[in-house]
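Undergrad:
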Amino acid sequence: GAVVSQHPSRVICKSGTSVKIECRSLDFQATTMFWYRQFPKQSLMLMATSNEGSKATYEQGVEKDKFLINHASLTLSTLTVTSAHPEDSSFYICSAWTVLRRTEAFFGQGTRLTVV
Amino acid sequence: DAKTTQPPSMDCAEGRAANLPCNHSTISGNEYVYWYRQIHSQGPQYIIHGLKNNETNEMASLIITEDRKSSTLILPHATLRDTAVYYCIVLVGNQFYFGTGTSLTVIP
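From first to last, the protein sequence lines are chains U and R. Taken in order, the first sequence gives residues 1 to 116; the numbers are from our numbering. Taken in order, the second sequence gives residues 1001 to 1108; the numbers are from our numbering.
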């Protein structure tokens, strides 16, 4: 089946630094990818929709200047958490649709970000 | 915003069928119902989806009421590895908005 891979799976960074998370579709082209965040014992919250070759669409309340999304190719989207703070510590998950088999969205394994 | 409501938790005996309900009373005629599950600290895993008709695959069955206002996911023979949070999701456009899900615990 289709695979979506995230990297890194875990990252610890210092407050004030930036962290980049990569999301790759390994065996299909993804014109649209989605980024979620999940706090402990809570559900996934959609942050933004990433469209290849154009600007991302952010959900209400998500700071676009803090969570930079780049979708430069059909197989790669990146999320950069800029000037990270401890409250940005969370589980970040990406997902993608396949263009040809539009029956299910595939999710990455997630990235655990800890800001110290 | 999520258009679904689910019970927060359920238990099921190993080997028995697990029936997970979901209400989606505001669903529109062309919106699909999807089920995903999430095992701790992993990405969600697709289970099944449907529009009007009941569906079955190797993992589960999906029963959708005739008025489409609710559905039930059935795991026919629950195993310990089925312990997870199960999300019922109505697909809006091409975006998934997750509700709170049901935490299913399969008991030996």
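C-beta: ideal position from N, C-alpha, C; glycine also.
(1) Do you know how far the Cα of Arg1016/R is from the Cα of Thr130/U?
(2) Could you list which residues in chain R have their beta carbon closer than 9 Å to that of Gly61/U, in chain order?
(3) With respect to the beta strand (DSSP E) encompassing Met33/U, which residues constitute its N-terminal and C-terminal limits?
(4) Determine whether the beta carbon atoms of Val19/U and Ala84/U lie at a separation below 7 Å.
(5) CA-CA distance, Met47/U and Ala1013/R?
(6) Check the DSSP bridge columns for Gln1045/R and list the partner residues they point to.
(7) Check the Cβ of Gln109/U against every Cβ in chain R and list those closer than 8 Å, keeping chain order.
(8) May I ask you to list, following chain order, the residues of the stretch 61 to 93 of chain U that have a beta carbon less than 8 Å from some beta carbon of chain R?
(9) Just the chain R side, please: which residues come within less than 8 Å of Glu104/U by C-beta, in chain order?
(10) What does Tyr1086/R touch in chain U if you count any residue whose Cβ is under 8 Å from its own?
(11) Below 6 Å CB to CB, which residues in the same chain sit around Arg37/U once its five sequence neighbours on both sides are set aside?
(12) Taking Cβ positions only, does Leu113/U come closer than 7 Å to chain R?
(13) Taking only beta carbons into account, state which residues of the stretch 1094 to 1105 of chain R come closer than 8 Å to chain U, listed in chain order.
(14) Along the chain, where does the beta strand (DSSP E) that runs through Met47/U open and close?
(15) Tyr1036/R: which of Ser1009/R, Val1106/R, Gly1099/R sits nearest, CA to CA?
(16) Per the DSSP calculation, Ser1103/R is bridged to which residue(s)?
(17) Please work out which residues of its chain come closer than 6 Å, Cβ to Cβ, to Asn1054/R, disregarding the five sequence neighbours upstream and downstream, and give them in chain order.
(18) Can you say whether Lys1003/R is buried or exposed, counting buried as having 16 or more other CB atoms within 10 angstroms of its CB?
(19) Could you spell out where the beta strand (DSSP E) holding Ala118/U opens and where it closes?
(20) Between Thr114/U, Ile12/U, Thr75/U, which lies nearest to Ala96/U when the distance is taken from Cα to Cα?
(21) Would you verify that the beta carbon of Leu26/U is, or is not, closer than 7 Å to some beta carbon of chain R?
(22) Give, in chain order, every residue of the stretch 2 to 36 of chain U whose Cβ lies closer than 9 Å to some Cβ of chain R.
(23) Quick one: is Asp1082/R buried, meaning 16 or more other Cβ sit within 10 Å of its Cβ, or exposed?
TA: This is what the structure gives:
(1) For chain U, the structure presents residues 1 to 116; residue 130/U sits outside this window and is missing.
(2) Result: empty, since nearest Cβ-Cβ is about 12 Å, beyond 9 Å.
(3) 32 to 38
(4) yes
(5) 36 Å
(6) Arg1037/R
(7) Gln1042, Gly1043
(8) Phe91, Ile93
(9) Tyr1034, Tyr1046, His1049
(10) Under the 8 Å cutoff, chain U gives no residues; its nearest Cβ is about 11 Å from Tyr1086/R.
(11) Met45, Met47, Ser90, Tyr92
(12) no
(13) Asn1094, Gln1095, Phe1096, Tyr1097, Phe1098, Gly1099, Thr1100, Gly1101
(14) 45 to 51
(15) Gly1099/R
(16) Ser1009/R, Val1085/R
(17) Ile1063
(18) buried
(19) This structure gives no information on residue 118/U, because the portion of chain U shown stretches from 1 to 116.
(20) Thr75/U
(21) no
(22) Val4, Gln6, Thr32, Phe34, Tyr36
(23) buried
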